[in-house]
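Note sheet for the following structure.
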């Protein structure tokens, strides 16, 4: 493995340190696989997040649906997608956020959607 993997510009790496850092965030997101937890999340997001011991930075990222920040904080994208499914947020919107693009530009430039006119 290259020595400088932690310095890839604008690329949060999910490594051991990230896994440890994001454990609570990932545990919370994974729990959304259970219907009762999804209901609790929708009913009172603050109370649901508090159950998992997330820090203020993690809570803020979840509440803003800041996908890029959640990944930077150690969130595994596969778990973070469970949060998107509760809203529901299109996966293309998350892809756009990760690419630093608007959703519309992402659809046209990355997915080959045709523009009218």
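Residue numbers (my numbering): 3 to 119. Every residue, glycine too, gets a C-beta built ideally from N, C-alpha and C.
For the set 83, 75, 107, the Cα lying nearest the Cα of residue 20 is the one of 75.
The Cβ neighbour count for residue 56, taken over all protein chains shown within 10 Å, is at least 16; the residue is labelled buried.
Using a 10 angstroms sphere on the CB of residue 37, the tally of other CB atoms stays under 16, which defines it as exposed.
For the pair of segments examined, the stretch 22–33 was found to touch the stretch 79–91: the number of CB pairs separated by less than 8 Å reaches three. Judged by DSSP secondary structure, residue 94 falls within the alpha helix (DSSP H) whose first and last residues are 93–101. In the structure shown, the three-state DSSP call for residue 14 is coil.
Non-local beta-carbon contacts of residue 97 in its own chain, meaning distances under 8 Å to residues more than five positions away in sequence, involve 108, 112 in chain order. The Cβ atoms of residue 43 and residue 26 lie no closer than 8 Å to each other.
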